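Scroll down for the structure; my scribbles are underneath it.
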Amino acid sequence: PPSPPPPLHRRLTMATKVESTLSAEKLDQSSDAYTGVLDPDPCPERIAASLTHLPNFFTAKKCDSLEKWVDHTAWEGSMGMFFGPKTLDATPCRNKYFFGKGYTYGRGMRGKETLLPEGEVDPIPDWMRHLVIGPLERKGIVPPGWVDSVVMNDYRAGSSIVGHVDPPALFARPIVTVTLFCPAKLVFGASFDPERKTQPAYTQLLER
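Every letter in the sequence shown is one number past the one before it in the numbering used here, and letter 26, counting from 1, is 64.
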């Protein structure tokens, strides 16, 4: 695997999502697991049973190395060093980085998301393949060569992502999330409004 670059700066929270795209024609739209329809009465026990939580998957030393690479990748983005014009989506509260495959998303797009054309986002960096995807493959969490998309979300202090459903017509399951820099909470069953008028039915703590 490559050697990490020198440290640049640290961020308070960072989540990397590893997903594999699945073409719509290969998706069993009749399966309840993939409809994307929200359950009006979510069951916490069912949500918990659907998750596989692997605390301490990466050691503290490995996390340190990954975080240096994350900072370096963020620096590359700030310097305009990405080739794909849609690789970086910067917002006041969060920077989103697409690698491998990108997709349309945002307000009014739920159920209408589409993959971006080839070349719109950069390939998955070697460090992600060696240091994130490789260990997942060796542990049997995903098959070799299965992951073809990595989304790196870089959150500002105190910010969060709005309620959403990762489009089942685009992404196969499982979706693997790696949390870096600090712990985070993954919540299920909350309403989509920013105020979260409907509180989460289940909350999973994600350790660094």
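In this text, a Cβ means the ideal position worked out from N, Cα and C, and glycines have one as well.
Note that the structure is a prediction, hence the values are computed from the model and not measured.
Beta-ladder partner(s) of residue i, from DSSP
| i | result |
| --- | --- |
| Asn133 | Ala128 and Asp192 |
| Leu244 | Ala222 |
| Leu92 | Per DSSP, none; premise fails for Leu92. |
| Tyr141 | Leu153 |
Contacts around residue i, its chain only, beta-carbon distance under 8 Å, and the 5 residues preceding and following it disregarded
| i | result |
| --- | --- |
| Glu245 | Pro93, Asn94, Thr217 and Pro221 |
| Pro238 | Val225, Phe226, Gly227 and Ala228 |
| Leu174 | Val56, Val180, Val185 and Val214 |
Proximal residues to residue i (C-beta, below 6 Å), its chain only, five neighbours per side dropped
| i | result |
| --- | --- |
| Glu233 | none |
| Pro205 | Glu151 |
| Lys235 | Ser229 |
| Leu60 | Because the pLDDT of Leu60 is 39, which lies under 50, any placement of that residue in the model is unreliable, and the number read from its coordinates should be weighed accordingly. Correct list, in chain order: Ala210. |
| Leu194 | Contrary to the premise, residue 194 reads as Arg rather than Leu in this sequence. Answer for Arg194: Cys131, listed in chain order. |
| Met166 | Val188 |
| Ile85 | Phe226 and Tyr240 |
| Asn133 | Asp192 |
| Gly183 | none |
Cβ shell of residue i (< 7 Å), same chain only, five flanking positions each side left out
| i | result |
| --- | --- |
| Tyr143 | Glu151 |
| Leu243 | Pro221 and Lys223 |
| Lys124 | Phe136, Gly140, Leu154, Glu158 and Val159 |
| Gln67 | Residue placement at Gln67 is poorly supported in this model, since its pLDDT is 34, which falls under 50; the coordinates still yield a value, given next. Correct list: empty, nothing qualifies. |
| Pro82 | Ala239 and Tyr240 |
| Cys266 | An answer regarding residue 266 cannot be provided, because it is not within the stretch 39 to 246 covered by the chain. |
| Ser197 | Cys131 and Arg132 |
Environment of residue i [buried if 16+ CB atoms lie within 10 Å]
| i | result |
| --- | --- |
| Gly138 | buried |
| Ile199 | exposed |
| Ala203 | Residue 203 is actually Val in this sequence, not Ala. Burial call: exposed. |
| Leu126 | buried |
| Leu89 | exposed |
| Ser116 | exposed |
| Pro163 | buried |
| Asp70 | Below a pLDDT of 50, predicted positions are generally treated as unreliable, and Asp70, at 38, falls in that range; no measurement from the model is reported. |
| Asp231 | exposed |
| Asp79 | exposed |
| Thr111 | buried |
Stretch pair the stretch 112-129 + the stretch 152-163: three plus CB contacts closer than 8 Å:
yes
The stretch 168-187 in contact with the stretch 203-223 per 3-pair CB rule at 8 Å:
yes
What are the uninterrupted segments assigned as alpha helix (DSSP H) that are 4 or more residues long and contained completely in the stretch 155-230, given in chain order?
172-176
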